[in-house]
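S.K.:
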Amino acid sequence: MTELPADPRLQVDLKERVATLTLADPSRRNALDPSLADALAQALAQASEAADVAVVVVTGAPPAFCAGAALAELQAIAGLAADEPGQQERLRRLRRLYAPFLALRACPKPTLALVDGAAVGAGLNLALAADVVLATPRSLFMTGFDRLGLHPGGGCSAMLSARVGPQRAAAALLFGQPFDGRQAADSGLAFACVPEAELAARGRALAREVASGVDPMMRATKATLRLSDPPELEAIVEHELFAQAASTLWSETRQRLAAAAARVAAKARGETL
6 MTELPADPRL
16 QVDLKERVAT
26 LTLADPSRRN
36 ALDPSLADAL
46 AQALAQASEA
56 ADVAVVVVTG
66 APPAFCAGAA
76 LAELQAIAGL
86 AADEPGQQER
96 LRRLRRLYAP
106 FLALRACPKP
116 TLALVDGAAV
126 GAGLNLALAA
136 DVVLATPRSL
146 FMTGFDRLGL
156 HPGGGCSAML
166 SARVGPQRAA
176 AALLFGQPFD
186 GRQAADSGLA
196 FACVPEAELA
206 ARGRALAREV
216 ASGVDPMMRA
226 TKATLRLSDP
236 PELEAIVEHE
246 LFAQAASTLW
256 SETRQRLAAA
266 AARVAAKARG
276 ETL
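Numbering (the numbering used here), first residue to last: 6 to 278.
1. Within 10 angstroms of the Cβ of Asp-38, are there 16 or more other Cβ atoms? Answer buried if so, exposed if not.
2. Do you know offhand how far Gln-279's Cα is from Ala-176's?
3. Could you give the distance in angstroms between the alpha-carbon of Pro-157 and the alpha-carbon of Leu-238?
4. Taking the C-alpha atoms as reference points, what is the distance between Ala-46 and Arg-100?
5. Taking the alpha helix (DSSP H) that Ala-174 belongs to, which residues open and close that run?
6. Answer yes or no: do Leu-76 and Leu-262 have a C-beta to C-beta separation smaller than 9 Å?
7. Looking only at DSSP bridge pairs, what is Lys-20 linked to?
8. Would you mind reading off the limits of the beta strand (DSSP E) that contains Ala-118?
9. Can you list, in chain order, the stretches of the alpha helix (DSSP H) that have 4 or more residues and sit fully within the segment 194-231?
10. Less than 6 Å between C-beta atoms, sequence neighbours within five positions excluded: which residues of the same chain meet that for Asp-151?
11. So, at 7 Å on beta carbons, what are the nonlocal neighbours of Ala-72 in its own chain, with the 5 sequence-adjacent residues on each side left out?
12. Per DSSP, what kind of secondary structure is Gly-65 in: helix, strand or coil?
13. Would Asp-12 and Thr-64 be called neighbours here (beta carbons separated by less than 9 Å)?
14. Could you please give me the residues that DSSP links to Met-147 through a beta bridge?
15. Is the distance from the Cβ of Thr-258 to the Cβ of Leu-85 below 9 Å?
16. Could you give the distance in angstroms between the alpha-carbon of Ala-118 and the alpha-carbon of Phe-196?
17. So, for Gly-154: in the same chain, excluding its five sequence neighbours on each side, which residues have a beta-carbon less than 7 Å away from its beta-carbon?
18. How big is the Cα-Cα spacing for Leu-145 and Asp-18?
19. Once DSSP output is grouped into helix, strand and coil, what is the label at Leu-37?
20. Let me check one thing: in DSSP terms, what residues is Asp-185 bridge-paired to?
21. Classify Val-231 as buried or exposed, calling it buried when 16 or more other Cβ atoms lie within 10 Å of its own Cβ.
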């Protein structure tokens with residue numbers, strides 16, 4: 006695995022057959038814009054094929070894991086015309102944002118997400134796409150779609166239901182209920198909740214366990230585990246794509262996106278709204 010990331014906000018470290026991909030845009034809480042999404046998807050595709058990679062770790066530079074899709078990109082998507090060319094561009098841009106977590110989920114090698122801080126929207130999807138999640142007490146797993154008036158996307162409804170069950174998934178998606186790190190571990194959203202200071206070391210220990218194993222066995226075992234995935238997952242991802250695209254055209258959704266962007270901008274200026 007030798008290619009440098011296309012975006013400097015993605016840090017790639019390969020050591021002892023462990024590829025660690027770090028979202029490193031802390032001032033924006035590692036939100037995924039098109040460039041960062043492309044870089045992460047490309048790095049994951051490369052790691053999936055690289056002979057010198059046995060396990061992939063995804064994490065985010067503090068204070069967040071990933072705060073979701075960049076609001077500016079969501080606003081741009083919502084601003085596209087409602088005609089057929091606008092619809093095709095809307096779908097293309099949403100697929101571009103989905104690409105990282107779909108690439109992580111498709112990775113044939115064991116994958117691990119180290120979540121310290123917020124994992125919201127697309128960030129939650131990224132965590133859900135990993136085979137194993139480690140959280141900390143200050144982790145916050147949240148769908149966030151309801152607050153923006155957006156339909157869930159990227160397979161969130163199916164992946165979340167598979168992890169925590171339909172009741173907890175409904176509470177998160179319909180009622181906006183979050184999971185902190187301990188709740189995530191208790192519900193099965195995360196494997197364990199560990200102290201912040203121990204997260205990196207615990208992640209390294211798990212990754213090294215995989216790296217010391219027999220690669221064909223690891224890949225075959227992961228493929229077997231994937232047989233228990235919801236058989237309709239791909240269809241759900243496609244359904245959510247079109248439903249989310251439609252939701253960006255709703256006037257109230259556009260208003261909520263604009264209000265959220267204004268709050269973020271005001272906070273950056275040290276103001277409150």
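Backbone N, C-alpha and C define an ideal beta-carbon position, used for all residues, glycine too.
M.R.: On the basis of the supplied data:
1. Sequence index remark: in the sequence shown, residue 38 carries index 33 (1-based). Buried: at least 16 other Cβ atoms inside 10 Å.
2. In the structure as shown, the chain begins at 6 and stops at 278. Residue 279 is therefore absent and cannot be evaluated.
3. For this step, residue 157 is matched to residue 152 along the sequence shown. For this step, residue 238 is matched to residue 233 along the sequence shown. Their Cα atoms are separated by approximately 14 Å.
4. Locating residue 46 in the sequence shown gives position 41, counting from the first residue. Locating residue 100 in the sequence shown gives position 95, counting from the first residue. Approximately 11 Å between the Cα atoms of the pair.
5. Within the sequence shown, the letter at position 169 stands for residue 174. Element bounds for Ala-174: 171-180.
6. Residue 76 sits at position 71 when you count from the first residue of the sequence shown. Residue 262 sits at position 257 when you count from the first residue of the sequence shown. Against a cut-off of 9 Å, the Cβ pair of Leu-262 and Leu-76 comes out as a contact.
7. Reading the sequence shown from its first residue, position 15 is the one you call residue 20. Partner(s): Val-23.
8. As a first step, residue 118 must be located in the sequence shown, where it is residue number 113. 116-120 is the span of the beta strand (DSSP E), which, as asked, contains Ala-118.
9. 204-216 and 220-231
10. The sequence position of residue 151 within the sequence shown is 146, counting from 1. Result list for Asp-151: Gly-181, in chain order.
11. Mapped onto the sequence shown, residue 72 falls at position 67. The answer, listed in chain order, is Arg-34, Asn-35, Ala-36, Ala-123, Val-125 and Gly-128.
12. Residue numbering aside, residue 65 sits at position 60 when the sequence shown is read from its first letter. In the structure shown, Gly-65 sits in a strand (DSSP, three-state: E or B).
13. Walking along the sequence shown from the start, residue 12 turns up at place 7. Walking along the sequence shown from the start, residue 64 turns up at place 59. Going by C-beta atoms, Asp-12 is not nearer than 9 Å to Thr-64.
14. For this step, residue 147 is matched to residue 142 along the sequence shown. Met-147 is bridged to Val-125.
15. For the purposes of this step, residue 258 is taken as the residue at position 253 of the sequence shown. For the purposes of this step, residue 85 is taken as the residue at position 80 of the sequence shown. Their beta carbons are not under 9 Å apart, which means Thr-258 does not touch Leu-85 by this criterion.
16. Here residue 118 is taken as the residue at index 113 of the sequence shown, counted from 1. Here residue 196 is taken as the residue at index 191 of the sequence shown, counted from 1. Distance between the alpha carbons of Ala-118 and Phe-196 is about 10 Å.
17. In the sequence shown, counting from the first residue as 1, residue 154 sits at position 149. These residues qualify, in order along the chain: Ser-252, Trp-255, Glu-257, Thr-258 and Arg-261.
18. Position 140 of the sequence shown holds residue 145. Position 13 of the sequence shown holds residue 18. Cα to Cα, the separation comes out at about 25 Å.
19. Sequence index remark: in the sequence shown, residue 37 carries index 32 (1-based). Leu-37: strand per DSSP, three-state reduction.
20. Within the sequence shown, numbered from 1, the residue matching residue 185 stands at position 180. BP columns for Asp-185 point to Leu-145.
21. The residue you call residue 231 lines up with position 226 of the sequence shown. Position check: residue 231 holds Arg in this sequence, whereas Val was assumed. The residue is exposed, with fewer than 16 neighbouring Cβ atoms inside 10 Å.
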